[in-house]
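Visitor:
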Amino acid sequence: MPASIDVVFTPDLLPFSDLTGKTVVVTDILRATTTITFAMANGATAITPVLTPEDAFRLAADQPNTLIGGERGGMKVDGFDLGNSPREYTQAVVSDRKIVLTTTNGTRTLQACRAADRVLVGSFLNLRAIVDQLAQVEGELVLACSGRDGGFCTEDTAFAGACVEVLAGTQLTDAAETAKILYQTHRDDLLGMLRNCYHGRHVASIGLGEDLEFCAQMDLVDIVPRLVGGRIIT
Numbered sequence: 046m047p048a049s050i051d052v053v054f055t056p057d058l059l060p061f062s063d064l065t066g067k068t069v070v071v072t073d074i075l076r077a078t079t080t081i082t083f084a085m086a087n088g089a090t091a092i093t094p095v096l097t098p099e100d101a102f103r104l105a106a107d108q109p110n111t112l113i114g115g116e117r118g119g120m121k122v123d124g125f126d127l128g129n130s131p132r133e134y135t136q137a138v139v140s141d142r143k144i145v146l147t148t149t150n151g152t153r154t155l156q157a158c159r160a161a162d163r164v165l166v167g168s169f170l171n172l173r174a175i176v177d178q179l180a181q182v183e184g185e186l187v188l189a190c191s192g193r194d195g196g197f198c199t200e201d202t203a204f205a206g207a208c209v210e211v212l213a214g215t216q217l218t219d220a221a222e223t224a225k226i227l228y229q230t231h232r233d234d235l236l237g238m239l240r241n242c243y244h245g246r247h248v249a250s251i252g253l254g255e256d257l258e259f260c261a262q263m264d265l266v267d268i269v270p271r272l273v274g275g276r277i278i279t
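The numbers in the numbering used here rise by one with no breaks, and the one at position 140 of the sequence shown is 185.
(1) Which word fits Met120, buried or exposed, when buried means at least 16 other C-beta atoms lie within 10 angstroms of its C-beta?
(2) For the beta strand (DSSP E) that contains Ser49, what are its first and last residues?
(3) Buried or exposed: Gly151, going by 16 or more other Cβ atoms within 10 Å of its Cβ?
(4) Would you identify the three-state DSSP class for Val122, choosing helix, strand or coil?
(5) Is Cys198 helix, strand or coil when you go by DSSP?
(6) Taking the continuous beta strand (DSSP E) assigned at Leu91, which residues delimit it?
(7) Are the CB atoms of Asn87 and Val139 within a distance shorter than 9 Å?
(8) CA-CA distance, Leu265 and Ala174?
(9) Relative to the C-alpha of Asp133, which candidate in Asp123, Gly115 and Leu58 has its C-alpha closest?
(10) Just the C-alpha distance for Phe354 and Thr78, rounded to the nearest angstrom, thanks.
(11) I think Gly195 touches Thr72, with their Cβ atoms under 8 Å apart; what is that distance to the nearest whole Å?
(12) Based on Cα-Cα distance, which residue from His244, Thr149 and Ala137 lies nearest to Gly128?
(13) So for Cys260, helix, strand or coil by DSSP?
(14) So the alpha helix (DSSP H) Leu112 belongs to, where does it begin and stop?
(15) Evaluate Phe169 with the Cβ neighbour count: other Cβ atoms within 10 Å of its Cβ, from every protein chain shown; 16 or more gives buried, anything less gives exposed.
(16) Using the three-state DSSP reduction, which class does Gly274 fall into: helix, strand or coil?
(17) In whole angstroms, what separates the C-alpha of Asn110 from that of Val145?
(18) Is DSSP giving Lys143 helix, strand or coil here?
(19) Mind checking which residues open and close the alpha helix (DSSP H) that includes Leu165?
(20) Could you tell me whether the stretch 225-234 touches the stretch 269-279, using the rule of 3 or more Cβ pairs below 8 Å?
(21) Ile50: buried (16+ other C-beta within 10 angstroms of its C-beta) or exposed?
(22) Around the C-beta of Ser250, are 16 or more other C-beta atoms found within 10 angstroms, so that it is buried, or is it exposed?
(23) Using beta carbons (cut-off 9 Å, strictly below), is Asp73 in contact with chain D?
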C-alpha cells in the first residue's frame, strides 16, 4: 500500500511537486488517457505522447507503420489519421501499429511527469487494474489530473478520488481527501457527471457526445499502460 497519496489538480501545479522516486498516475478522462488505454488494449504496440502537432508529424515521418492521432480544441488536427475519440481506436485500426499522440491537456501532463520513478495511465476504463497495481506500491503516490487549459476538471479529480477511496488506510493530503469526497458525490452517476461538467459540455457541443458514454464505462479493460523512455507501453 502507498505510504501516502497526493492529488495534483492541474499540470500547472506539477512544478511544485517533487516527483523523484514517486509513482504517478496521469489521468485525462476526457479524453486522452481513456483513448490511450483503449488503444493499448486493442493492440497498439506503443504510443508516443508529444506536445505539438509539428512534433507529431516530424516523429511519425521517421517511423514506418505509425499513426498520428490527437486534437486541438477537441477536434482532429488536419492531416492526422485519428482524432482523440477513443471510439476511433478500434482493434482493426490500431492493432500492431505505433501511434504518435498530441492532445491539448493529457499529453502535456504525461510529459510533465517524466521525472517520476514510474508513470501509469489511468481512466475509468481500467480503474480496477490501476488500483490493483497501486495497492502494491510502497512509496509515495501522486495522482496527476490533466485538467483543461490549465484549469481544474471535475472528471479527472473524481477519477483520482476513486483511486483514493479504494486505497483505504493510507496517509492522504487534503487534496486527496477532497478528490475522494468528489468521487463519492458522483460515483452513482458518472455519465451524468461527464455530461454536466465543463469539459463534457464542450465535447458534446462539438458533436462528440457519444464519447462521454464511452469514457464513463468502468473496468472495460484489464491493462495498465505505462510511460517508459518517452513511450507508452503495456
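Even glycine gets a Cβ: it sits at the ideal position worked out from N, Cα and C.
Guide: So, from the data block:
(1) With fewer than 16 Cβ atoms within 10 Å of its Cβ, Met120 is classed as exposed.
(2) Taken as a continuous stretch (DSSP letters only), the beta strand (DSSP E) holding Ser49 covers Ser49 to Val53.
(3) Label assigned to Gly151: buried.
(4) Residue state, collapsed to three classes: coil.
(5) Looking at Cys198 - three-state DSSP - the assignment turns out to be coil, as it is neither helix nor strand.
(6) In the sequence under discussion, the amino acid at residue 91 is Ala, which differs from the Leu named in the question. Per DSSP, Ala91 belongs to the beta strand (DSSP E) from Ala91 to Pro94.
(7) Going by C-beta atoms, Val139 is nearer than 9 Å to Asn87.
(8) Taking the CA atoms as reference points, Leu265 sits about 10 Å from Ala174.
(9) Residue identity differs from the one stated: residue 133 is Glu in this sequence, not Asp. Per the C-alpha coordinates, the member of Asp123, Gly115 and Leu58 positioned closest to Glu133 is Gly115.
(10) As shown, the chain starts at 46 and ends at 279. That puts residue 354 outside it, with no answer to give.
(11) Contact flag wrong, Cβ pair sits at about 16 Å.
(12) Looking from the CA of Gly128, the closest CA among His244, Thr149 and Ala137 belongs to Thr149.
(13) Three-state DSSP puts Cys260 in a helix.
(14) Careful: Leu112 lies outside any alpha helix (DSSP H), inside the beta strand (DSSP E) at Thr111 to Arg117.
(15) Counting of Cβ neighbours within 10 angstroms places Phe169 among the buried residues, the total reaching 16 or more.
(16) It is coil, neither helix nor strand.
(17) Just so you know, the alpha carbons of Asn110 and Val145 end up roughly 11 Å apart.
(18) Lys143: strand per DSSP, three-state reduction.
(19) Judged by DSSP secondary structure, Leu165 falls outside any alpha helix (DSSP H) and instead within the beta strand (DSSP E) spanning Arg163 to Gly167.
(20) With a cut-off of 8 Å, the stretch 269-279 and the stretch 225-234 do not count as touching, because too few Cβ pairs lie within range.
(21) Per the 10 Å Cβ criterion, buried.
(22) With fewer than 16 other Cβ atoms within 10 Å, it is exposed.
(23) No chain D appears in the structure shown, which is made up of a single protein chain.
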